[in-house]
Amino acid sequence: MMKRFQIGRVALLSGCAFAGIVAPAHAQSAAAAASATPAADAAAPSAQDIIVTGTRVVRDGYNQPTPVTVAPTTELEKATPTNLADAINKLPQFANSVSPQSNSQLQGNSGEHGNLLNLRGVGPTRALILLDGIRVPPTTFRGAVDVNTIPQLLIQRVDVVTGGVSAVYGSDAVSGVVNFVLDKKFEGIKGVAQRGVSTRGDLGNYRIGIAGGMSFAGDRGHVLASIERFDSDGIKRSARVYGDDAYAAVGSVPGATVAPGRAGNPFTFLPNLRFTTNDYNNGIITSSTAPSLTNSIFLPGGAVRPIQRGTPTGTPGTNVGGDGLYIPGFNQLIAPLTTTQGFGRIAYDMTDTLTAHVQGSYSRSVTSYDTQAQSVLGFRFFSGNAFLNPAVQAQMGPNDSFAMFRFIAEQGPIPTRESTDAYLINSGLEWNLGGWNVTADYTHGKSVTKFAQTQVEVPKLAAALDAVRAPNGSIVCRVTLTNPGLYPNCTPLNVFGAGTPSAADLQTVLGVSRYRAMNITDDFVVSARGDIFELPAGPVTVAIGAQYRRQKLDLTSNSDPAVPVDFTGLRGVPANRQTRFNNTNVGSAFGKLNVKEFFAETLIPIFKDQPLAEELSFNGAFRYTDYSTSGSVKTWKLGAVYKPIQDITLRVTRSRDIRAPSLFELFAGVQTQPVNFNDPHTGTPGSIRQFSGGNPNLDPETGDTFAAGVVLSPSFLPGFDISVDYYDLKIKGAIATQGLNDVVNECETSNGTSPTCALIERPLPFSDRTAANYPISVSLITQNISFLRTSGLDITMSYRTKLGEGDLTLRAFANYLDRYKTQTNSIAPVIDYGGHGVNSQTGYAYPKFRGTLSANYTNGGLTLFVQEQMIGKVTIGNLKNDPTSFYAVPAIKPVFYTDATASYKFDVRGEPELFVTATNLLDRKPPLVAAAAAPGLLYPTLFTLYNVAGRTLTAGVRFKF
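Residue numbering for the sequence shown follows our numbering, beginning at 8 and increasing consecutively.
Below you can see the structure in the form of structure tokens.
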């Protein structure tokens with residue numbers, strides 16, 4: 008193969024990167040790298056094969072100023088052998104990532120499912136995902152990348168650039184870059200087969216895969232291929248502590264005159280709660296024109312009795328015990344997941360200076376889960392309904408009616424299935440032209456996500472619920488008499504009391520809500536890198552290039568809320584349920600854009616090998632970007648590295664970065680979903696219809712990052728390295744949709760005078776505070792209205808030494824979060840979430856401190872590994888400047904998780920390595936953190952932060968020929 012432009016090992020200054028996960032990216036000469044490589048690293052790739060992520064101008068001996076955490080897959084698999092995303096999320100730089108155990112699975116409308124990495128906790132769409140330097144196209148319709156779709160077996164390492172690098176890579180690299188780096192020179196055959204299970208007998212999973220690589224044509228060509236599969240059964244919520252205990256966060260002062268969560272009525276966590284305006288399987292009459300029926304509950308057989316209220320809490324309509332609704336634990340706690348991935352690559356030296364390559368990958372990720380049962384929320388039933396118990400009918404006049412709330416428990420949970428098929432094809436040329444390295448690449452990416460959820464169709468349900476007697480005495484749907492032919496297959500449905508609807512009758516009102524989202528990206532990049540002239544300290548290196556990218560989103564749906572639903576002939580449908588499906592109604596979206604970019608980067612060495620100046624160099628990058636949707640924008644980066652002596656390196660960067668609005672944010676049609684909501688205006692809980700949509704006038708977000716750090720590699724302590732980096736990221740004009748609670752609370756605080764009040768639809772004037780004025784809907788608008796700032800320290804330490812006949816490596820990674828401040832709009836208060844957490848469907852958790860400490864001992868074929876993960880104290884709610892977040896609960900103390908692996912590699916053909924891994928070895932249960940929602944709706948913990956599976960064991964074998 009053609010000898011590539013030499014760039015050294017990615018390492019701390021001691022050259023020990025591939026002994027573990029480390030911080031800075033450093034380049035050495037090939038000879039120096041080889042001499043620094045310990046024996047245990049004999050299988051590590053050579054210096055010529057390593058690409059340093061975060062810059063385009065890396066060369067021998069250069070330390071780039073932007074911090075890079077380098078995570079070899081061999082190390083990631085020791086702590087978490089299931090998949091790379093789960094292991095990466097244990098690094099303290101990641102917070103609030105989406106995974107199969109996320110709250111998002113309660114709503115299909117979110118589109119944020121899979122494994123979406125969240126660097127710095129600022130959002131998955133603000134970190135750029137690369138596959139060996141190639142931009143990975145989005146896989147969700149909201150613009151994020153599900154990293155489950157990335158082939159893993161040939162991934163050599165994962166580079167995490169923890170600073171803005173939009174000037175180097177383009178849009179989205181605001182919080183940084185996650186680059187999955189391929190082992191492009193792999194020779195031979197390797198594979199893995201493993202099986203895992205929790206110690207409670209669930210969460211069964213397996214992983215199998217095989218990969219191969221070989222040279223041909225006298226080493227002028229090289230071919231790679233891999234195929235792998237991962238499957239996990241998931242966990243039901245009822246299988247874990249708290250899962251079936253009907254927990255919620257409720258006001259702690261019964262009878263309080265202020266809303267729950269206010270200073271005079273702070274939240275507390277209680278079990279065995281009930282929503283008194285709804286019921287799981289009987290049905291509660293919440294209002295009736297026949298007064299004697301109001302606040303009655305149906306019994307099996309259709310009779311009614313007065314509601315037994317239970318013990319009041321400080322949240323109106325939510326009591327301890329008594330009648331009412333709670334969500335049982337048949338929902339998924341961790342969703343089942345199956346991924347299948349295939350990859351192939353071929354490279355060929357066409358001449359001694361020209362290499363061509365083509366590579367492609369296909370992946371399929373399938374997740375399925377159950378969510379809460381179907382519901383009859385607020386439908387109105389009329390006098391003369393054929394299923395009414397005579398005693399109930401006797402209390403109604405001919406024109407009376409009542410509204411009833413109940414879940415249809417007889418159907419069971421709602422089954423949902425999502426699949427993503429992702430295709431990525433890349434081809435390119437690389438020339439070595441007189442000392443210049445010239446590359447040209449074309450990438451075509453396509454992903455198709457399909458969603459299917461079986462649920463009630465509202466028109467069919469309304470028709471079936473309105474049952475009357477036909478002239479011949481039979482029970483029929485009223486619409487078949489008033490509007491014959493509209494619903495020819497309508498079967499009357501009895502929902503008065505538990506067990507009344509038959510399975511066969513329920514099938515007649517069910518349908519499948521579906522959407523299909525297709526993302527297509529075409530990306531063309533041409534770049535050149537070389538030295539332009541010499542300075543006493545070395546050559547001035549530049550990289551220049553141009554890029555053109557086309558993107559397209561096509562989201563189609565059979566439940567588009569913008570398409571009017573015909574309710575002709577139907578009655579009793581509540582205003583907030585007038586959509587085709589009861590739960591998931593995803594609007595269509597179609598849009599495309601193109602991006603033209605020109606970029607340049609330079610490295611200027613000032614001093615080299617001078618007294619008190621072993622190295623002083625400056626790095627700068629600039630990118631001009633022109634979007635077809637929002638015009639032009641400029642990004643840049645300035646950095647410097649100063650190395651006064653061999654043991655100390657100082658580095659600093661300042662960058663301007665952007666995130667362009669996603670196609671969905673620009674062109675989404677009307678989206679809607681029902682949301683459980685406690686209305687502070689009326690003091691009434693219930694279900695509200697939430698609307699949102701795209702905004703074609705959005706501008707790119709602007710991010711400003713400052714980072715400064717020091718790397719110490721003391722010569723008096725060989726094998727020890729430490730880096731400390733400060734970062735400060737500010738995002739202005741952040742694209743955000745003002746949340747439901749923000750809109751309602753802002754209107755409430757203004758006493759009905761704020762412009763946001765126009766976004767709230769109520770049946771009566773604002774002055775009416777009775778339950779009858781519970782809102783029908785709230786419209787949320789996507790705008791460049793938000794501000795975000797986060798800062799803190801990243802600390803990395805590693806030490807390698809001999810211990811007896813073996814090698815011992817100790818590593819520590821820590822993050823201290825100084826602040827995480829956001830402002831949802833220009834008139835909202837600035838709130839610092841650092842050190843705080845709250846459980847909700849859009850919950851958050853930002854502990855001040857996170858860290859991991861690991862020890863790895865290798866002696867011959869035996870390897871012992873243990874890792875301790877520490878999550879710092881988290882205060883629940885109680886945010887300064889937020890009058891709605893008061894909690895009367897203690898802060899969560901620091902939590903520790905232990906992972907351990909033992910393996911033995913046999914010195915025989917194939918080098919089989921048997922291993923066993925225990926995750927959460929001490930079986931720590933998650934801290935209790937309930938949500939201010941319907942009792943039992945959300946599992947009561949911060950599950951983007953804490954382990955909910957308990958102890959899991961994985962055993963398997965790896966081999967290599």
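Note that CB positions come from ideal geometry on N, CA and C, so glycine has one too.
query                                                                                                                                                                : result
What's the gap between the Cα of A30 and the Cα of L600?                                                                                                             : Since pLDDT at A30 reaches only 35, below the 50 mark, its modelled position is unreliable, and the value read off the structure follows with that caveat. When rounded, the distance between both Cα atoms is 36 Å.
To the nearest whole angstrom, what separates the beta carbons of S534 and T632, a pair I think is in contact under 8 Å?                                             : Rounded, the Cβ-Cβ distance is 15 Å, inconsistent with contact.
With distances taken from CA atoms, which of R958, A92, R127, H364 is nearest D735?                                                                                  : R127
Going by DSSP in three states, T132 sits in which element: helix, strand or coil?                                                                                    : helix
Fully enclosed by the segment 476-549, which alpha helix (DSSP H) runs are 4 residues long or longer?                                                                : 485-489, 510-514
In its own chain, which residues sit with a C-beta less than 6 Å from the C-beta of T609, not counting the 5 before and 5 after it?                                  : V549, G627
Are the beta-carbon atoms of D906 and L929 separated by less than 8 Å?                                                                                               : no
DSSP has S408 in a bridge; who is on the other side?                                                                                                                 : F389
Do F531 and Q558 count as a contact pair if the criterion is CB distance below 8 Å?                                                                                  : no
Out of L98, V399, N285, P74, point me to the one whose CA is closest to E82's CA.                                                                                    : L98
If you compare alpha carbons, which of K644, T296, G331 is closest to L306?                                                                                          : G331
Roughly how far, in whole angstroms, is the beta-carbon of G710 from the beta-carbon of G676, given that I think they are within contact range, below 8 Å?           : The pair is not a contact, with the Cβ atoms about 29 Å apart (cut-off 8 Å).
With a threshold of 6 Å on Cβ separation, who are the neighbours of L135 within its own chain once the five nearest residues in sequence on each side are excluded?  : Y176, D179, A180, V184
Can you check which of these residues, H688, R236, Q100, S595, is closest to L800 by C-alpha distance?                                                               : Q100
Whole angstroms is fine: what's the gap from G329's alpha carbon to I157's?                                                                                          : 50 Å
I'd like the ranges of any beta strand (DSSP E) spanning at least 3 consecutive residues and lying wholly in the segment 603-673.                                    : 620-634, 638-652, 655-666
Could you check where the alpha helix (DSSP H) with Y176 kicks off and where it finishes?                                                                            : 173-176
What do you get for K197, buried or exposed, if any count of 16 or more other CB atoms within 10 angstroms of its CB means buried?                                   : buried
What distance in whole Å lies between the Cβ atoms of F684 and L560, which are believed to be in contact at a cut-off of 8 Å?                                        : 30 Å between Cβ atoms; not a contact.
For A297, which residues from the same chain have a beta carbon less than 6 Å from its beta carbon, with the 5 sequence-adjacent residues on both sides left out?    : Q402, M403, D407
Check each candidate in D728, T926, L766 and name the one with the smallest Cα separation from Q745.                                                                 : L766
Taking 8 Å as the cut-off, decide whether the C-beta atoms of P74 and A647 are in contact.                                                                           : no
For G693, collect the residues of the same chain with a Cβ closer than 6 Å to its Cβ; drop the 5 residues on either side in sequence, then sort them by chain order. : Y781
Run through the DSSP bridge pairs and tell me what K599 is partnered with.                                                                                           : K559
Short of 6 Å in beta carbon distance, which residues of its chain neighbour F187, apart from the five on each side in sequence? Order them along the chain.          : L138, I157, I162, V165
With DSSP as the reference, label N288 as helix, strand or coil.                                                                                                     : coil
When DSSP labels each residue in this structure, what does D190 get in the three-state scheme?                                                                       : coil
Return the residue from the list P278, P466, F698, T961 that minimises the CA-CA distance to S786.                                                                   : F698
Which residues in the same chain have their Cβ closer than 8 Å to the Cβ of D251, if we skip the five residues on either side of it in sequence?                     : R244, S245, P335, G336, G943
With contact counted as at least three CB pairs below 8 Å, one residue from each stretch, are the segment 568-584 and the segment 378-386 in contact?                : yes
Could you tell me the distance, in whole angstroms, from the CA atom of N832 to the CA atom of S757?                                                                 : 15 Å
Take V516 and list the residues in its own chain whose beta-carbon comes closer than 7 Å to its own, dropping the five residues that flank it on each side.          : V463, E464, K467, L468, A471, L500
By a C-beta neighbour count over all protein chains shown, 10 Å radius and 16 as the cutoff for buried, is D226 buried or exposed?                                   : exposed
Contact between the segment 890-901 and the segment 270-281 is defined here as three or more beta-carbon pairs at a separation below 8 Å; is this criterion met?     : yes
Taking N748 as part of the alpha helix (DSSP H), name the residues at either end of that continuous run.                                                             : 747-756
Can you grab the Cα-Cα spacing for the pair I234 / V365, in whole Å?                                                                                                 : 17 Å
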